[in-house]
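Residue numbers (my numbering): 285 to 766. Ideal placement from N, C-alpha and C gives every residue a C-beta, glycine not left out.
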(Lines of atoms letter the chains of each structure in order from A; the text may use other names.)
(Lines give C-alpha, C1' and ligand atoms only; values in the text may rest on other atoms or scores of the structure.)
Protein backbone atom coordinates (compact mmCIF):
# COMPACT_ATOMS: atom_id res chain seq x y z
CA UNK A 285 0.00 0.00 0.00
CA UNK A 286 3.02 2.29 0.31
CA UNK A 287 2.86 5.37 -1.94
CA UNK A 288 -0.71 4.80 -3.06
CA UNK A 289 -2.77 7.95 -3.46
CA UNK A 290 -5.55 8.98 -1.14
CA UNK A 291 -8.02 8.60 -4.01
CA UNK A 292 -7.00 5.02 -4.82
CA UNK A 293 -7.01 4.01 -1.16
CA UNK A 294 -10.50 5.46 -0.67
CA UNK A 295 -11.70 3.53 -3.74
CA UNK A 296 -10.17 0.25 -2.48
CA UNK A 297 -11.83 0.73 0.90
CA UNK A 298 -15.22 1.58 -0.61
CA UNK A 299 -15.02 -1.52 -2.83
CA UNK A 300 -13.96 -3.60 0.19
CA UNK A 301 -10.73 -4.73 -1.46
CA UNK A 302 -9.05 -4.01 1.86
CA UNK A 303 -10.30 -3.09 5.31
CA UNK A 304 -9.35 0.09 7.11
CA UNK A 305 -7.89 -1.98 9.95
CA UNK A 306 -5.59 -3.80 7.51
CA UNK A 307 -4.59 -0.52 5.88
CA UNK A 308 -3.94 1.26 9.18
CA UNK A 309 -1.96 -1.73 10.47
CA UNK A 310 0.22 -1.60 7.33
CA UNK A 311 0.95 2.11 7.79
CA UNK A 312 1.62 1.73 11.51
CA UNK A 313 4.20 -0.94 10.66
CA UNK A 314 5.77 1.42 8.12
CA UNK A 315 5.96 4.15 10.79
CA UNK A 316 7.59 1.72 13.21
CA UNK A 317 10.20 0.87 10.58
CA UNK A 318 10.94 4.34 9.23
CA UNK A 319 10.30 6.85 12.00
CA UNK A 320 13.41 6.04 14.08
CA UNK A 321 15.48 7.24 11.12
CA UNK A 322 13.29 10.11 9.83
CA UNK A 323 11.79 11.38 13.14
CA UNK A 324 8.65 12.60 11.36
CA UNK A 325 6.20 11.69 14.15
CA UNK A 326 6.09 13.05 17.70
CA UNK A 327 3.07 10.95 18.74
CA UNK A 328 1.69 7.76 17.19
CA UNK A 329 -1.90 7.16 18.34
CA UNK A 330 -1.95 3.42 17.73
CA UNK A 331 -4.99 2.51 19.85
CA UNK A 332 -7.03 5.49 18.68
CA UNK A 333 -6.19 4.78 15.03
CA UNK A 334 -7.21 1.12 15.23
CA UNK A 335 -10.47 2.03 17.00
CA UNK A 336 -11.24 4.64 14.33
CA UNK A 337 -10.38 2.11 11.61
CA UNK A 338 -12.83 -0.40 13.07
CA UNK A 339 -15.52 2.31 13.19
CA UNK A 340 -14.80 3.16 9.54
CA UNK A 341 -15.07 -0.49 8.53
CA UNK A 342 -18.42 -0.73 10.30
CA UNK A 343 -19.67 2.43 8.56
CA UNK A 344 -18.54 1.10 5.14
CA UNK A 345 -20.33 -2.20 5.80
CA UNK A 346 -23.49 -0.34 6.83
CA UNK A 347 -23.36 2.00 3.83
CA UNK A 348 -23.16 5.11 6.02
CA UNK A 349 -19.46 5.90 5.48
CA UNK A 350 -18.08 9.33 4.68
CA UNK A 351 -16.27 9.96 1.38
CA UNK A 352 -12.80 9.35 2.86
CA UNK A 353 -13.84 6.67 5.33
CA UNK A 354 -10.98 4.58 6.64
CA UNK A 355 -8.17 6.46 4.88
CA UNK A 356 -5.21 7.14 7.21
CA UNK A 357 -3.65 10.60 7.55
CA UNK A 358 -1.68 12.47 10.21
CA UNK A 359 -1.99 15.95 11.72
CA UNK A 360 0.73 18.50 12.21
CA UNK A 361 1.25 18.72 15.97
CA UNK A 362 -0.31 22.15 16.39
CA UNK A 363 -3.85 21.01 15.54
CA UNK A 364 -5.60 20.28 18.81
CA UNK A 365 -6.83 16.68 18.91
CA UNK A 366 -9.08 15.56 21.72
CA UNK A 367 -7.41 13.12 24.08
CA UNK A 368 -4.09 13.17 22.20
CA UNK A 369 -0.85 14.97 23.05
CA UNK A 370 -0.56 18.31 21.23
CA UNK A 371 2.94 19.72 21.74
CA UNK A 372 3.68 22.25 18.97
CA UNK A 373 7.13 20.68 18.94
CA UNK A 374 7.88 22.42 22.24
CA UNK A 375 8.88 21.46 25.76
CA UNK A 376 6.38 24.14 26.82
CA UNK A 377 3.49 21.84 25.80
CA UNK A 378 5.20 18.49 26.39
CA UNK A 379 2.38 17.37 28.72
CA UNK A 380 -0.61 19.07 27.04
CA UNK A 381 -3.41 16.69 26.08
CA UNK A 382 -6.05 18.70 24.23
CA UNK A 383 -9.61 18.53 25.62
CA UNK A 384 -11.13 19.36 22.20
CA UNK A 385 -10.64 19.00 18.44
CA UNK A 386 -9.59 21.75 16.06
CA UNK A 387 -12.17 22.63 13.39
CA UNK A 388 -10.01 20.95 10.73
CA UNK A 389 -9.78 17.77 12.80
CA UNK A 390 -13.55 17.72 13.37
CA UNK A 391 -14.30 18.12 9.66
CA UNK A 392 -11.86 15.41 8.61
CA UNK A 393 -13.24 13.05 11.24
CA UNK A 394 -16.70 13.65 9.79
CA UNK A 395 -15.34 12.64 6.35
CA UNK A 396 -14.18 9.38 7.94
CA UNK A 397 -10.40 9.75 7.89
CA UNK A 398 -8.31 7.92 10.49
CA UNK A 399 -5.60 9.92 12.23
CA UNK A 400 -2.47 7.88 12.98
CA UNK A 401 -0.83 10.56 15.10
CA UNK A 402 0.89 13.94 15.22
CA UNK A 403 3.81 14.98 13.04
CA UNK A 404 6.99 16.73 14.11
CA UNK A 405 7.43 20.45 13.43
CA UNK A 406 9.56 23.47 14.14
CA UNK A 407 8.74 24.69 17.63
CA UNK A 408 5.51 26.71 17.49
CA UNK A 409 5.94 26.65 13.68
CA UNK A 410 8.94 28.99 13.91
CA UNK A 411 11.55 27.80 11.44
CA UNK A 412 12.29 26.75 7.88
CA UNK A 413 14.27 23.59 8.56
CA UNK A 414 12.41 21.56 11.22
CA UNK A 415 15.52 21.70 13.40
CA UNK A 416 14.01 23.84 16.18
CA UNK A 417 11.71 21.07 17.46
CA UNK A 418 12.23 20.06 21.07
CA UNK A 419 11.85 16.47 19.84
CA UNK A 420 14.83 16.59 17.51
CA UNK A 421 15.30 17.44 13.85
CA UNK A 422 13.28 15.76 11.12
CA UNK A 423 15.38 14.19 8.35
CA UNK A 424 14.66 14.47 4.64
CA UNK A 425 13.83 10.97 3.31
CA UNK A 426 15.69 11.76 0.08
CA UNK A 427 18.91 12.31 2.06
CA UNK A 428 18.86 11.84 5.81
CA UNK A 429 21.64 14.36 6.35
CA UNK A 430 19.53 17.12 4.76
CA UNK A 431 16.68 19.20 6.18
CA UNK A 432 13.09 18.48 5.05
CA UNK A 433 12.03 22.14 5.22
CA UNK A 434 9.75 23.61 7.82
CA UNK A 435 7.75 24.17 9.76
CA UNK A 436 5.53 21.36 8.40
CA UNK A 437 8.60 19.19 7.78
CA UNK A 438 7.28 16.24 9.76
CA UNK A 439 4.16 16.03 7.60
CA UNK A 440 6.17 16.38 4.37
CA UNK A 441 8.81 13.83 5.41
CA UNK A 442 6.18 11.32 6.58
CA UNK A 443 4.45 11.47 3.19
CA UNK A 444 7.71 11.33 1.20
CA UNK A 445 8.87 8.31 3.24
CA UNK A 446 5.60 6.45 2.63
CA UNK A 447 4.61 6.50 6.30
CA UNK A 448 1.30 8.19 5.48
CA UNK A 449 -0.52 9.04 2.23
CA UNK A 450 -1.46 12.58 3.27
CA UNK A 451 -1.29 15.00 6.19
CA UNK A 452 -2.34 18.40 7.39
CA UNK A 453 0.09 21.29 7.57
CA UNK A 454 0.08 25.00 8.26
CA UNK A 455 1.67 27.83 6.32
CA UNK A 456 2.67 31.14 7.91
CA UNK A 457 5.45 32.12 5.53
CA UNK A 458 5.80 29.06 3.31
CA UNK A 459 5.59 26.25 5.85
CA UNK A 460 3.45 24.00 3.62
CA UNK A 461 4.98 24.89 0.26
CA UNK A 462 8.67 24.90 1.21
CA UNK A 463 8.78 21.42 2.85
CA UNK A 464 6.53 20.07 0.08
CA UNK A 465 9.01 21.39 -2.49
CA UNK A 466 12.08 20.08 -0.67
CA UNK A 467 10.53 16.64 -0.11
CA UNK A 468 9.03 16.15 -3.56
CA UNK A 469 5.31 16.17 -2.67
CA UNK A 470 2.35 18.49 -3.28
CA UNK A 471 1.01 21.03 -0.79
CA UNK A 472 -1.35 24.00 -0.96
CA UNK A 473 -1.80 27.05 1.25
CA UNK A 474 -5.36 28.28 0.68
CA UNK A 475 -6.51 31.89 0.67
CA UNK A 476 -6.36 33.34 4.18
CA UNK A 477 -9.65 32.55 5.93
CA UNK A 478 -10.70 29.57 3.79
CA UNK A 479 -9.61 27.06 6.46
CA UNK A 480 -10.60 27.80 10.05
CA UNK A 481 -7.83 28.49 12.55
CA UNK A 482 -9.96 27.37 15.51
CA UNK A 483 -7.94 24.84 17.49
CA UNK A 484 -4.81 25.57 15.44
CA UNK A 485 -2.32 26.86 18.01
CA UNK A 486 -1.35 30.31 16.80
CA UNK A 487 2.04 31.60 15.69
CA UNK A 488 1.11 34.75 13.71
CA UNK A 489 -2.65 35.10 13.53
CA UNK A 490 -2.87 37.31 10.42
CA UNK A 491 -0.63 34.95 8.44
CA UNK A 492 -1.33 31.38 9.64
CA UNK A 493 -3.38 29.15 7.35
CA UNK A 494 -3.95 25.40 7.40
CA UNK A 495 -3.84 23.27 4.28
CA UNK A 496 -3.39 19.74 2.90
CA UNK A 497 -0.19 17.92 1.88
CA UNK A 498 -0.15 14.75 -0.25
CA UNK A 499 1.54 13.09 -3.22
CA UNK A 500 -0.80 14.58 -5.82
CA UNK A 501 -2.80 17.72 -6.50
CA UNK A 502 -5.93 15.58 -6.77
CA UNK A 503 -5.41 14.24 -3.24
CA UNK A 504 -4.90 17.78 -1.94
CA UNK A 505 -8.16 18.83 -3.60
CA UNK A 506 -10.02 15.92 -1.99
CA UNK A 507 -8.68 16.83 1.44
CA UNK A 508 -9.33 20.55 1.00
CA UNK A 509 -12.96 19.78 0.19
CA UNK A 510 -13.31 18.66 3.81
CA UNK A 511 -10.85 21.03 5.53
CA UNK A 512 -12.33 24.25 4.12
CA UNK A 513 -15.52 25.79 5.46
CA UNK A 514 -16.90 28.68 7.47
CA UNK A 515 -16.51 28.53 11.24
CA UNK A 516 -18.25 30.98 13.57
CA UNK A 517 -15.58 30.34 16.23
CA UNK A 518 -12.87 31.91 14.03
CA UNK A 519 -13.43 35.64 13.48
CA UNK A 520 -11.17 35.54 10.40
CA UNK A 521 -13.01 32.62 8.76
CA UNK A 522 -14.49 33.64 5.41
CA UNK A 523 -18.21 32.97 4.98
CA UNK A 524 -18.55 31.58 1.46
CA UNK A 525 -20.60 28.88 -0.21
CA UNK A 526 -18.97 25.45 -0.15
CA UNK A 527 -17.07 24.61 -3.32
CA UNK A 528 -15.67 21.50 -4.96
CA UNK A 529 -11.89 21.92 -5.24
CA UNK A 530 -11.69 19.03 -7.71
CA UNK A 531 -13.87 20.81 -10.27
CA UNK A 532 -11.02 22.15 -12.43
CA UNK A 533 -8.77 19.09 -12.38
CA UNK A 534 -9.79 18.13 -15.92
CA UNK A 535 -9.70 21.69 -17.30
CA UNK A 536 -7.20 21.95 -20.21
CA UNK A 537 -4.45 24.56 -19.94
CA UNK A 538 -4.91 25.94 -23.45
CA UNK A 539 -4.95 29.73 -23.17
CA UNK A 540 -3.71 29.80 -19.57
CA UNK A 541 -1.47 32.83 -18.99
CA UNK A 542 1.39 32.05 -16.59
CA UNK A 543 3.17 35.06 -15.13
CA UNK A 544 6.90 34.76 -14.43
CA UNK A 545 8.09 37.41 -11.95
CA UNK A 546 11.50 38.65 -13.03
CA UNK A 547 12.41 39.04 -9.34
CA UNK A 548 12.01 35.25 -8.84
CA UNK A 549 14.53 34.34 -11.53
CA UNK A 550 17.39 36.68 -10.69
CA UNK A 551 20.41 36.59 -8.43
CA UNK A 552 20.34 34.01 -5.64
CA UNK A 553 18.48 31.28 -7.53
CA UNK A 554 20.64 28.15 -7.86
CA UNK A 555 21.32 27.04 -11.43
CA UNK A 556 19.98 23.51 -10.90
CA UNK A 557 16.74 24.83 -9.38
CA UNK A 558 16.36 27.28 -12.27
CA UNK A 559 16.85 24.44 -14.78
CA UNK A 560 14.23 22.23 -13.09
CA UNK A 561 11.69 25.07 -12.92
CA UNK A 562 12.36 25.92 -16.58
CA UNK A 563 11.67 22.29 -17.50
CA UNK A 564 8.36 22.38 -15.63
CA UNK A 565 7.40 25.64 -17.35
CA UNK A 566 8.25 24.04 -20.72
CA UNK A 567 5.77 21.25 -19.90
CA UNK A 568 3.07 23.83 -19.13
CA UNK A 569 3.73 25.44 -22.53
CA UNK A 570 3.36 22.05 -24.23
CA UNK A 571 -0.04 21.79 -22.56
CA UNK A 572 -1.11 25.06 -24.17
CA UNK A 573 -0.18 27.65 -21.56
CA UNK A 574 1.65 30.82 -22.48
CA UNK A 575 4.17 32.60 -20.26
CA UNK A 576 4.47 36.34 -19.76
CA UNK A 577 6.96 38.32 -17.71
CA UNK A 578 5.49 40.19 -14.75
CA UNK A 579 7.06 42.17 -11.94
CA UNK A 580 6.73 42.06 -8.16
CA UNK A 581 8.99 45.02 -7.39
CA UNK A 582 8.64 44.88 -3.60
CA UNK A 583 9.68 41.22 -3.30
CA UNK A 584 12.92 42.24 -1.56
CA UNK A 585 10.88 43.91 1.19
CA UNK A 586 8.84 40.79 1.99
CA UNK A 587 11.34 39.25 4.40
CA UNK A 588 11.99 42.40 6.50
CA UNK A 589 8.23 43.10 6.63
CA UNK A 590 7.42 39.50 7.59
CA UNK A 591 10.10 39.33 10.28
CA UNK A 592 8.57 42.35 11.97
CA UNK A 593 4.90 41.38 11.68
CA UNK A 594 5.20 37.65 12.46
CA UNK A 595 7.39 38.02 15.60
CA UNK A 596 5.15 40.84 16.83
CA UNK A 597 2.10 38.59 16.61
CA UNK A 598 4.05 35.66 18.06
CA UNK A 599 5.10 37.79 21.04
CA UNK A 600 1.44 38.48 21.74
CA UNK A 601 0.15 34.95 21.05
CA UNK A 602 2.81 33.18 23.13
CA UNK A 603 2.32 35.41 26.17
CA UNK A 604 -0.36 32.96 27.33
CA UNK A 605 2.24 30.24 27.94
CA UNK A 606 3.26 31.26 31.44
CA UNK A 607 3.26 28.08 33.53
CA UNK A 608 0.00 28.95 35.28
CA UNK A 609 -2.92 27.30 33.49
CA UNK A 610 -1.28 24.60 31.38
CA UNK A 611 2.05 23.69 29.86
CA UNK A 612 5.50 23.58 31.42
CA UNK A 613 6.01 25.06 34.88
CA UNK A 614 9.45 25.45 36.45
CA UNK A 615 9.95 23.23 39.49
CA UNK A 616 11.93 25.74 41.54
CA UNK A 617 10.96 29.40 41.97
CA UNK A 618 10.66 31.99 44.73
CA UNK A 619 7.70 34.07 43.63
CA UNK A 620 5.17 34.49 40.80
CA UNK A 621 7.42 36.66 38.64
CA UNK A 622 10.24 34.14 38.85
CA UNK A 623 7.83 31.31 38.06
CA UNK A 624 6.82 33.13 34.88
CA UNK A 625 10.36 33.86 33.79
CA UNK A 626 11.83 30.45 34.63
CA UNK A 627 8.92 28.53 33.10
CA UNK A 628 9.23 30.45 29.84
CA UNK A 629 13.03 30.28 29.83
CA UNK A 630 12.93 26.50 30.31
CA UNK A 631 9.92 25.83 28.07
CA UNK A 632 10.85 27.78 24.94
CA UNK A 633 13.72 26.98 22.59
CA UNK A 634 16.25 29.42 21.17
CA UNK A 635 14.42 30.27 17.92
CA UNK A 636 11.13 30.95 19.73
CA UNK A 637 12.91 33.16 22.28
CA UNK A 638 14.61 35.06 19.45
CA UNK A 639 11.30 35.82 17.76
CA UNK A 640 9.52 36.73 21.00
CA UNK A 641 12.30 39.22 21.79
CA UNK A 642 12.16 40.74 18.30
CA UNK A 643 8.38 40.95 18.45
CA UNK A 644 8.33 42.54 21.89
CA UNK A 645 10.93 45.08 20.75
CA UNK A 646 9.06 46.20 17.62
CA UNK A 647 5.83 46.59 19.60
CA UNK A 648 7.45 48.59 22.39
CA UNK A 649 6.89 52.31 22.98
CA UNK A 650 8.91 54.39 20.55
CA UNK A 651 9.40 51.57 18.04
CA UNK A 652 5.82 50.60 17.15
CA UNK A 653 5.45 53.35 14.52
CA UNK A 654 8.99 52.96 13.20
CA UNK A 655 8.82 49.20 12.70
CA UNK A 656 5.41 47.57 13.05
CA UNK A 657 3.34 50.25 11.29
CA UNK A 658 5.97 50.57 8.56
CA UNK A 659 5.92 46.79 8.01
CA UNK A 660 2.14 46.84 7.65
CA UNK A 661 2.46 49.59 5.03
CA UNK A 662 4.97 47.45 3.13
CA UNK A 663 2.51 44.57 3.37
CA UNK A 664 -0.05 46.66 1.50
CA UNK A 665 2.49 47.51 -1.22
CA UNK A 666 3.29 43.80 -1.64
CA UNK A 667 -0.41 42.95 -1.98
CA UNK A 668 -0.77 45.68 -4.62
CA UNK A 669 2.16 44.17 -6.54
CA UNK A 670 0.31 40.86 -6.76
CA UNK A 671 -2.92 42.60 -7.76
CA UNK A 672 -1.12 44.33 -10.63
CA UNK A 673 0.71 41.16 -11.73
CA UNK A 674 -2.43 39.01 -11.64
CA UNK A 675 -4.22 41.52 -13.87
CA UNK A 676 -1.75 40.45 -16.58
CA UNK A 677 -1.93 36.67 -16.06
CA UNK A 678 -4.05 33.87 -14.61
CA UNK A 679 -1.46 32.33 -12.31
CA UNK A 680 2.07 33.24 -11.23
CA UNK A 681 4.79 30.58 -11.34
CA UNK A 682 8.31 30.34 -9.99
CA UNK A 683 10.57 28.38 -7.66
CA UNK A 684 9.51 27.47 -4.14
CA UNK A 685 13.01 27.88 -2.66
CA UNK A 686 16.32 29.22 -4.01
CA UNK A 687 18.11 25.87 -3.50
CA UNK A 688 17.40 22.23 -2.87
CA UNK A 689 17.45 20.94 0.72
CA UNK A 690 20.62 21.93 2.53
CA UNK A 691 22.58 20.04 5.16
CA UNK A 692 21.32 19.69 8.72
CA UNK A 693 22.99 22.33 10.89
CA UNK A 694 24.25 24.34 7.92
CA UNK A 695 22.33 27.49 8.92
CA UNK A 696 22.19 26.88 12.66
CA UNK A 697 24.44 29.86 13.41
CA UNK A 698 23.02 32.15 10.73
CA UNK A 699 19.26 32.65 11.21
CA UNK A 700 19.16 35.48 8.65
CA UNK A 701 20.38 33.09 5.96
CA UNK A 702 17.63 30.67 6.97
CA UNK A 703 15.05 33.47 6.74
CA UNK A 704 16.26 34.31 3.22
CA UNK A 705 15.39 30.77 2.11
CA UNK A 706 11.73 31.87 2.30
CA UNK A 707 12.14 34.75 -0.15
CA UNK A 708 9.71 33.30 -2.72
CA UNK A 709 6.99 32.16 -0.31
CA UNK A 710 6.61 34.83 2.38
CA UNK A 711 4.99 37.50 0.19
CA UNK A 712 2.07 35.16 -0.57
CA UNK A 713 1.17 35.04 3.13
CA UNK A 714 1.55 38.80 3.54
CA UNK A 715 -0.96 39.25 0.71
CA UNK A 716 -3.26 36.43 1.92
CA UNK A 717 -3.19 34.72 -1.49
CA UNK A 718 -3.33 30.97 -2.22
CA UNK A 719 -0.07 29.26 -3.15
CA UNK A 720 0.78 25.70 -4.17
CA UNK A 721 3.95 23.64 -4.52
CA UNK A 722 4.12 20.78 -7.00
CA UNK A 723 7.14 18.60 -7.85
CA UNK A 724 9.24 20.02 -10.72
CA UNK A 725 12.06 17.53 -11.06
CA UNK A 726 15.38 17.26 -9.29
CA UNK A 727 18.50 19.32 -8.73
CA UNK A 728 22.08 18.41 -9.50
CA UNK A 729 22.33 16.51 -6.21
CA UNK A 730 19.25 14.38 -6.94
CA UNK A 731 17.11 16.25 -4.41
CA UNK A 732 13.57 17.42 -5.26
CA UNK A 733 12.73 20.86 -6.64
CA UNK A 734 9.29 22.43 -6.26
CA UNK A 735 7.36 24.66 -8.69
CA UNK A 736 5.29 27.30 -6.92
CA UNK A 737 1.96 28.38 -8.36
CA UNK A 738 0.27 31.51 -6.98
CA UNK A 739 -3.28 32.56 -7.82
CA UNK A 740 -5.76 35.28 -7.07
CA UNK A 741 -7.96 35.12 -3.99
CA UNK A 742 -10.11 31.96 -3.83
CA UNK A 743 -8.53 30.42 -6.94
CA UNK A 744 -7.48 27.20 -5.20
CA UNK A 745 -9.38 25.03 -7.70
CA UNK A 746 -7.55 26.69 -10.59
CA UNK A 747 -4.13 26.15 -8.99
CA UNK A 748 -4.94 22.51 -8.21
CA UNK A 749 -6.13 22.03 -11.79
CA UNK A 750 -2.91 23.43 -13.26
CA UNK A 751 -0.81 21.23 -10.97
CA UNK A 752 -2.93 18.18 -11.79
CA UNK A 753 -2.57 18.71 -15.54
CA UNK A 754 1.21 19.03 -15.10
CA UNK A 755 1.23 15.81 -13.06
CA UNK A 756 -0.60 13.96 -15.85
CA UNK A 757 2.32 14.47 -18.26
CA UNK A 758 5.25 14.17 -15.82
CA UNK A 759 6.32 11.57 -13.28
CA UNK A 760 8.20 13.77 -10.80
CA UNK A 761 5.43 13.34 -8.21
CA UNK A 762 5.68 9.55 -8.60
CA UNK A 763 9.39 9.39 -7.76
CA UNK A 764 10.18 8.07 -4.29
CA UNK A 765 13.34 8.13 -2.17
CA UNK A 766 15.46 4.99 -2.05
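Is it right to say residue i is buried, meaning 16 or more other beta carbons lie within 10 angstroms of its own, or is it exposed?
| i | result |
| --- | --- |
| residue 700 | exposed |
| residue 657 | exposed |
| residue 548 | buried |
| residue 648 | exposed |
| residue 618 | exposed |
| residue 567 | buried |
| residue 561 | buried |
| residue 661 | exposed |
| residue 672 | exposed |
| residue 652 | exposed |
| residue 368 | buried |
| residue 308 | buried |
| residue 546 | exposed |
| residue 743 | buried |
| residue 708 | buried |
| residue 595 | buried |
| residue 318 | buried |
| residue 679 | buried |
| residue 675 | exposed |
| residue 287 | exposed |
| residue 316 | exposed |
| residue 516 | exposed |
| residue 536 | exposed |
| residue 620 | exposed |
By alpha-carbon positions, which one of the options ends up nearest to residue i?
| i | options | result |
| --- | --- | --- |
| residue 636 | 655, 760, 486 and 673 | 486 |
| residue 384 | 482, 440 and 614 | 482 |
| residue 333 | 401, 369 and 293 | 401 |
| residue 514 | 722, 709, 527 and 293 | 527 |
| residue 417 | 407, 550 and 464 | 407 |
| residue 769 | 290, 753 and 372 | For the chain, the structure presents residues 285 to 766; residue 769 sits outside this window and is missing. |
| residue 428 | 451, 352, 320 and 504 | 320 |
| residue 538 | 749, 706 and 498 | 749 |
| residue 476 | 708, 458, 445 and 503 | 458 |
| residue 534 | 347, 582, 765 and 757 | 757 |
| residue 472 | 542, 690, 731 and 495 | 495 |
| residue 399 | 363, 430, 611 and 622 | 363 |
| residue 468 | 721, 610 and 598 | 721 |
| residue 414 | 550, 373, 426 and 445 | 373 |
| residue 455 | 353, 694 and 712 | 712 |
| residue 668 | 715, 697 and 419 | 715 |
| residue 704 | 738, 551, 650 and 764 | 551 |
| residue 365 | 435, 328 and 409 | 328 |
For the beta strand (DSSP E) holding residue i, just list the boundary residues, first then last.
| i | result |
| --- | --- |
| residue 293 | Residue 293 -> not in any beta strand (DSSP E); alpha helix (DSSP H) instead, spanning 290–298. |
| residue 500 | No beta strand (DSSP E) holds residue 500; DSSP gives it neither H nor E. |
| residue 585 | Looking at the DSSP string, residue 585 is not in any beta strand (DSSP E), and its letter there is neither H nor E. |
| residue 576 | 574–578 |
| residue 368 | Per DSSP, residue 368 belongs to no beta strand (DSSP E) and is neither H nor E. |
| residue 359 | 356–360 |
| residue 644 | Element bounds for residue 644: not the beta strand (DSSP E) but the alpha helix (DSSP H), 634–646. |
| residue 724 | 719–726 |
| residue 514 | Taken as a continuous stretch (DSSP letters only), residue 514 belongs to no beta strand (DSSP E), as it is neither H nor E. |
| residue 679 | 679–683 |
| residue 451 | 450–454 |
How far does the alpha helix (DSSP H) with residue i in it extend, from its first residue to its last?
| i | result |
| --- | --- |
| residue 732 | Not the alpha helix (DSSP H): residue 732 falls in the beta strand (DSSP E), residues 732–738. |
| residue 375 | It is not in any alpha helix (DSSP H) - residue 375 carries neither H nor E in the DSSP assignment. |
| residue 437 | 437–444 |
| residue 400 | No alpha helix (DSSP H) contains residue 400, which is instead part of the beta strand (DSSP E) from 398–403. |
| residue 541 | Counting along the chain, residue 541 falls outside any alpha helix (DSSP H), though it belongs to the beta strand (DSSP E) covering 541–545. |
| residue 390 | 387–395 |
| residue 699 | 699–704 |
| residue 471 | Here residue 471 belongs to no alpha helix (DSSP H); instead the beta strand (DSSP E) covers 470–473. |
| residue 332 | 330–346 |
| residue 662 | 658–674 |
| residue 710 | 710–715 |
| residue 524 | Careful: residue 524 lies outside any alpha helix (DSSP H) and carries neither H nor E. |
| residue 744 | 744–757 |
| residue 623 | 620–631 |
Can you tell me the Cβ-Cβ gap for residue i and residue j, rounded? I've got them flagged as a contact below 8 Å.
| i | j | result |
| --- | --- | --- |
| residue 302 | residue 441 | Contact doesn't hold; Cβ gap of about 25 Å is too wide. |
| residue 357 | residue 397 | 5 Å |
| residue 422 | residue 411 | Not quite, the Cβ-Cβ distance comes to about 11 Å (not below 8 Å), so this is no contact. |
| residue 734 | residue 724 | 6 Å |
| residue 359 | residue 403 | 7 Å |
| residue 732 | residue 465 | 7 Å |
Please determine whether the Cβ atom of residue i lies at a distance below 6 Å from any heavy atom of the ligand MN.
| i | result |
| --- | --- |
| residue 716 | Looking for the ligand MN in the displayed structure turns up nothing, as the structure carries no ligands at all. |
Touching by the beta-carbon criterion (3+ pairs, under 8 Å), the region 620–631 and the region 563–579: Contact between the region 620–631 and the region 563–579 is absent, because fewer than three Cβ pairs lie under 8 Å.
Three CB pairs or more closer than 8 Å across the region 304–312 and the region 367–386: No, because fewer than three Cβ pairs between the region 304–312 and the region 367–386 fall closer than 8 Å, the two stretches do not touch.
At least 3 beta-carbon pairs within less than 8 Å: the region 676–687 vs the region 548–557: These segments touch.
Contact the region 605–622 vs the region 501–508: 3+ CB pairs below 8 Å: Short answer: they don't touch.
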